[in-house]
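Participant: Sharing a structure below in structure tokens format, with a few things to ask.
Residue numbers (this note's numbering), protein chains in the order written: chain F, 177 to 266; chain D, 12 to 488.
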């Protein structure tokens with residue numbers, strides 16, 4: 177059984193009791209599906225991290241000023257100078 | 012301290028900020044400081060669609076440190092998302108490594124009270140730092156300059172038994188980081204951070220007790236004090252029949268105590284999974300071998316060499332090799348002066364005392380290696396006495412310059428002229444006739460008094476051996 181309230185809390189979502197019921201059924205069926213997949217024998221199968229065969233390309237360690245602090249702040253709902261202002265978190 | 016058959020089990024998680032130019036997953040500058048939110052590209056801001064790229068030097072520094080920690084280096088490792096909500100982490104997850112870290116199964120040798128001990132390193136993995144938040148009552152302010160700065164998290168095995176071992180392990184790791192030039196290891200500024208996992212159990216018990224994580228420790232002395240406090244707190248809890256909660260506690264250095272930061276109910280569930288924005292971190296063994304070939308001589312190897320090559324006592328060798336710059340300074344002075352033990356003494360006693368008092372590094376002070384070597388030679392040749400040398404040293408520390416010049420301009424050359432010394436001895440003996448009589452009637456201890464007086468009237472310039480000789484002769488009469 178899935179604990180919808182705990183999952184909702186981790187995602188910072190507030191659900192009504194109707195939503196809780198609906199999501200509980202949906203999430204449970206998803207989890208159920210994976211437990212069926214889990215039954216497949218994968219003893220000699222490498223975990224698939226990415227479906228592509230592209231190999232990693234490193235970025236060289238060079239700094240670059242992409243945008244100014246002023247631009248970075250443009251979407252901030254609240255600010256104090258060039259700092260983001262958020263509800264208290266302590 | 013553990014008493015009444017309790018023993019402590021301690022493990023350390025050290026976060027080291029890597030000295031790259033740009034951040035781990037973006038081109039923003041990784042330097043300390045900067046104007047508010049100056050180093051914040053869309054990647055650092057966690058803007059939707061902004062994609063991370065892997066900094067080659069960040070990986071290289073991780074491998075470098077992993078090799079110095081005697082770890083196995085995985086040529087294929089995976090970056091994962093560690094999910095949690097906090098405003099200093101705008102993406103809602105930290106890119107880290109979970110089940111396949113880049114470095115695993117290493118160890119660090121430490122020396123405590125002259126005894127070696129090996130501490131296992133479970134793993135060292137690459138991740139990104141979070142931003143910085145400051146709290147102002149009804150709101151918090153966020154600066155994301157630090158968000159994305161590369162970190163290497165070094166996790167020890169729970170091999171550590173005492174607060175002293177923990178602090179020494181942390182010091183040793185810091186020395187290695189600094190030798191490699193991958194981290195400046197500044198605890199106060201937070202470029203190196205030590206989290207300590209502490210639990211206690213009855214001696215002989217196989218199972219671990221419930222562990223508590225200590226955070227917010229910004230000096231090695233506080234590592235020791237915080238763990239010491241925590242061990243005692245846990246023992247008294249258990250002895251009075253309470254249970255230990257698995258929690259994070261913060262150390263308050265002003266009160267020397269730890270206090271609870273998060274309750275158990277809010278325990279995190281990080282839901283790690285491979286970051287789909289990043290490919291697995293894959294590189295060739297050849298690169299690892301190349302990095303291995305460039306590793307410098309590490310502190311303990313250097314200390315061993317100093318003992319065999321220069322005949323230094325183990326204590327001297329360990330002290331002199333803690334900082335690479337100090338070790339190199341010593342070698343230079345020892346070679347130029349031809350007197351390794353004197354070089355070690357001058358550096359460990361006089362120079363290090365001045366450095367500590369002025370909070371300077373060896374690179375920032377005025378005494379050049381060749382000047383200290385010259386000073387040692389002036390003593391060895393008998394040009395100046397050890398006492399005068401301290402005066403010259405003080406002048407060198409304050410103003411810099413060659414000791415030979417200082418000796419000349421200040422008229423500090425040691426007097427080895429017998430007639431001049433006899434004159435000083437006579438002067439002192441006639442001024443202290445009572446003491447001379449007491450000495451002659453058996454009060455041997457007064458000899459030192461006469462020497463002191465003679466050195467005083469000669470302004471420290473009299474050759475001490477000659478003073479002893481002349482004084483003995485004259486007092487016999």
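Idealized CB from N, CA, C, for every residue including glycine.
Where does residue 328 of chain D land, buried or exposed, given buried means 16+ other C-beta within 10 angstroms?
Facilitator: buried
Participant: State yes or no: is the C-beta of residue 89 of chain D within less than 8 angstroms of the C-beta of residue 71 of chain D?
Facilitator: no
Participant: Classify residue 176 of chain D: buried if its beta carbon has 16 or more other beta carbons within 10 angstroms, exposed otherwise.
Facilitator: So residue 176 of chain D ends up on the buried side.
Participant: Let's test the definition: count the other Cβ atoms within 10 Å of the Cβ of residue 292 of chain D and tell me whether it reaches 16, buried, or not, exposed.
Facilitator: When all chains shown are included, residue 292 of chain D counts as buried.
Participant: What does the alpha-carbon distance come out to for the pair residue 442 of chain D and residue 476 of chain D?
Facilitator: 22 angstroms
Participant: Which residues in chain F sit within 7 angstroms of residue 144 of chain D, going by Cβ to Cβ distance?
Facilitator: 265
Participant: Quick check on the DSSP output: what are the complete alpha helix (DSSP H) runs of length 4 or more inside the segment 23 to 71 of chain D, in order along the chain?
Facilitator: Runs found: 53 to 56.
Participant: Is residue 331 of chain D near residue 79 of chain D, with beta carbons less than 8 angstroms apart?
Facilitator: By the CB criterion at 8 angstroms, residue 331 of chain D and residue 79 of chain D fall outside the cutoff.
Participant: CB-CB under 8 angstroms to residue 45 of chain D, same chain, minus the five flanking residues each way: which ones, in chain order?
Facilitator: Here the set comprises 156.
Participant: Rounded to a whole number of angstroms, what is the C-alpha to C-alpha distance between residue 414 of chain D and residue 82 of chain D?
Facilitator: 47 angstroms
Participant: Mapping DSSP to helix, strand and coil, what is residue 211 of chain D?
Facilitator: strand
Participant: Would you say residue 408 of chain D and residue 371 of chain D are within 8 angstroms of each other, going by their C-beta atoms?
Facilitator: no
Participant: Thinking residue 24 of chain D and residue 206 of chain D are a contact (beta carbons under 8 angstroms), I'd like their distance in whole angstroms, please.
Facilitator: 4 angstroms
Participant: Smallest Cα separation from residue 482 of chain D: which of D/471, D/461, D/199, D/467?
Facilitator: D/461
Participant: According to DSSP, simplified to helix, strand and coil, what is residue 194 of chain D?
Facilitator: coil
Participant: I'd like to know if residue 77 of chain D contacts chain F, where contact means its C-beta is closer than 8 angstroms to some C-beta of that chain.
Facilitator: no
Participant: Residue 217 of chain F CB to nearest chain D CB: under 8 angstroms?
Facilitator: no
Participant: Please classify residue 262 of chain F: does DSSP put it in a helix, a strand, or coil?
Facilitator: strand
Participant: Could you check how far apart the C-beta atoms of residue 239 of chain D and residue 62 of chain D are, in whole angstroms? I think they sit under 8 angstroms.
Facilitator: Incorrect: roughly 46 angstroms between the Cβ atoms, too far for contact.
Participant: Run through chain D and tell me which residues come within less than 7 angstroms of residue 248 of chain F, C-beta to C-beta.
Facilitator: 48, 51, 56
Participant: If I measure Cβ to Cβ from residue 433 of chain D and keep anything under 6 angstroms in the same chain, skipping five residues before and after, which residues do I get?
Facilitator: 481
Participant: What separation, rounded to the nearest whole angstrom, lies between the Cα atoms of residue 37 of chain D and residue 247 of chain F?
Facilitator: 17 angstroms
Participant: Would you say residue 3 of chain D and residue 29 of chain D are within 8 angstroms of each other, going by their C-beta atoms?
Facilitator: The requested residue 3 of chain D does not occur in the structure, where chain D is confined to residues 12 to 488.
Participant: Which residues in chain F sit within 7 angstroms of residue 265 of chain D, going by Cβ to Cβ distance?
Facilitator: What residue 265 of chain D touches in chain F: nothing, since even the nearest Cβ is about 18 angstroms away.
Participant: Under the three-state reduction of DSSP, which class applies to residue 230 of chain F: helix, strand or coil?
Facilitator: Secondary structure at residue 230 of chain F: coil, using DSSP grouped into helix, strand and coil.
Participant: Give the residues from the segment 87 to 106 of chain D that approach chain F closer than 8 angstroms (Cβ to any Cβ), ordered along the chain.
Facilitator: Cβ contacts with chain F: 89, 94, 96, 97, 98.
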